Amino acid sequence: MISRRALVTRGLVAAAAAGALWSVRDRLPWPPLRPVFANGRDTPWLPLPPGGGLIEIAVAVNGAPVRAIVDTGAQVSAIDRVLAERLALPRIVAAPILAYGVSGHPRLVHTVRLNLAVPGLAIGGLRAAVLDLADISQVSGRDFQLLIGRDVLNRLVVDADFPRDRARFIAPAAFRPPPYPILAPLTSRGGAPLVTVRIEDGPPLELLVDTGASGMVALSRPAAQAAGLIGTGRPAIASHSVGLSGLSQGQTVRARSMRMAGLRLVDVDIQVFDPSASGPTPVGLLGAGVLSNFRATLDLGGQRLFLETGALSIVPPPREQRP
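Counting from 413, one number per residue, gives the positions in the sequence shown under our numbering.
Below, the structure written as structure tokens:
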């Protein structure tokens, strides 16, 4: 059992998210990416902001230093419009794509091509959507100009050691699961990684694993009503979320418990959002506020999430070698 004190949220505003780029509609096939590791296996450990709760790292775009957020909630990577113009990134000659957030109206955006460099890792020819990320960054209180989405993350393993404020990327062929993890199997719908949770005594819910959201859990209003979290006299407080349409009003309620992969969390703050009526919307999000108490390893290609608590593991001694 894990208490709310151990899983304190970093604020009620969902950074980068409440689905800043949850879904896109685009008829042009995106070419496959080929991440190249300097050592063929993994990157060095990359520092994260202390206690930040998000996977926020220093990268380079066409040689320029940039702050990026690793965002499993984003279907595709995205770059800030002002930065793309300053770097004169080549615009891809194609029809605009339609980008959806989980709340707010869709937007038509164009795409550019860039070269992404992470210490120990190079990804050339990345196609990225151009968004006004500076507005989202300012409102959410985070300083980032790039979202690294699932178009990249599906070809990597993300190892986020939140207790030690560090993260790294691993080549899938070189990845070996940790020896004593909590395994949360993932499913996929439309390419989105989903994990099954149960809130209080309600039915199982499949939530989008969203490392771009700083909160613990967010549910669409219909899902929250079905779970008995609103409209039943339960106390609620006003809160906000950040998405493609800027800052939107919502509310936060507290659930007595939530179960996931054999874990039981108590006193969980749940943000309720009004889903977009004009696009596909997930039932809810499982944010970094839950993952940040663990070393969380996301293998999206293998549909696996490994969680380690950092507690002491008892390893059996090796057998004595016989002469």
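Virtual Cβ for every residue (Gly too), placed ideally from N, Cα, C.
None of the values given here were measured: they were computed from a predicted structure.
Subject >> Reference Leu697, options Gln637, Ala625, Arg671, Ile642, closest by Cα >> reply: Ala625
Original post:
For Gly475, which option in Leu501, Val609, Val482, Gly465 has the closest C-alpha, if you only look at C-alpha atoms?
Top reply: Leu501
Subject >> For Asp613, the residue or residues it bridges with in DSSP >> reply: BP columns for Asp613 are empty, so no partner.
Original post:
Should the segment 447 to 467 be regarded as contacting the segment 557 to 577, the criterion being three or more beta carbon pairs within less than 8 Å?
Top reply: yes
Original post:
Is the segment 706 to 724 in contact with the segment 660 to 671, if contact means three or more CB pairs nearer than 8 Å?
Top reply: no
**OP:** Look up Asp547 in the DSSP assignment and say whether it is helix, strand or coil.
**Re:** helix
Original post:
Is the beta carbon of Asp686 less than 8 Å from the beta carbon of Arg666?
Top reply: no
Subject >> Selected residue, minimal CA-CA separation from Ser549, among Arg503, Pro616, Ala480 >> reply: Ala480
Subject >> For Arg422, the three-state DSSP class (helix, strand or coil) >> reply: Any answer about Arg422 is weak, because its pLDDT of 28 lies below 50 and its placement is not dependable; what the coordinates show is given next. Coil at Arg422, not helix or strand.
Original post:
First and last residue of the alpha helix (DSSP H) that includes Val564?
Top reply: 562 to 565
**OP:** Hey, could you find the ends of the alpha helix (DSSP H) Arg633 is sitting in?
**Re:** 633 to 638
Original post:
What are the residues that DSSP puts in a beta bridge with Phe706?
Top reply: Partner(s): none; Phe706 has no beta bridge.
Original post:
Mapping DSSP to helix, strand and coil, what is Pro597?
Top reply: strand
Original post:
Of the choices Leu677, Phe581, Gly603, whose alpha-carbon is the least far from that of Arg453?
Top reply: Phe581
Original post:
Alpha carbon to alpha carbon, how far is Ala432 from Ala450?
Top reply: Because Ala432 sits at a pLDDT of 49, beneath the cut-off of 50, its placement in the model cannot be relied upon, and the following sentence gives the value as read from the coordinates. Roughly 31 Å separates the two Cα atoms.
Subject >> Identified DSSP bridge partners for Gln356 >> reply: Within the shown structure, residues of the chain are numbered from 413 to 735, placing residue 356 beyond reach of any answer.
Subject >> Per-residue burial, Ala586 [other beta carbons within 10 Å of its own, 16 or more giving buried] >> reply: exposed
Original post:
Taking the alpha helix (DSSP H) that Arg498 falls in, what are its first and last residues?
Top reply: 493 to 498
Original post:
Taking the alpha-carbon positions, what's the Val478 to Ala472 distance?
Top reply: 5 Å
**OP:** Please say whether Ala541 and Ala506 have beta carbons closer to each other than 8 Å?
**Re:** no
Original post:
Shortest alpha-carbon distance to Pro444 belongs to which of Arg646, Asp563, Pro531?
Top reply: Asp563
Original post:
Alpha carbon to alpha carbon, how far is Pro518 from Val488?
Top reply: 15 Å
Subject >> Reference Asp622; option with closest CA among Glu497, Asp613, Pro615, Leu606 >> reply: Leu606
Subject >> Asp492 to Leu565 span [Cα, whole Å] >> reply: 19 Å
**OP:** Could you tell me how far apart the beta carbons of Thr523 and Arg498 are, in whole angstroms, since I believe they sit closer than 8 Å?
**Re:** Incorrect: roughly 17 Å between the Cβ atoms, too far for contact.
**OP:** Work out the CA separation of Val521 and Pro508 for me, nearest whole Å.
**Re:** 5 Å
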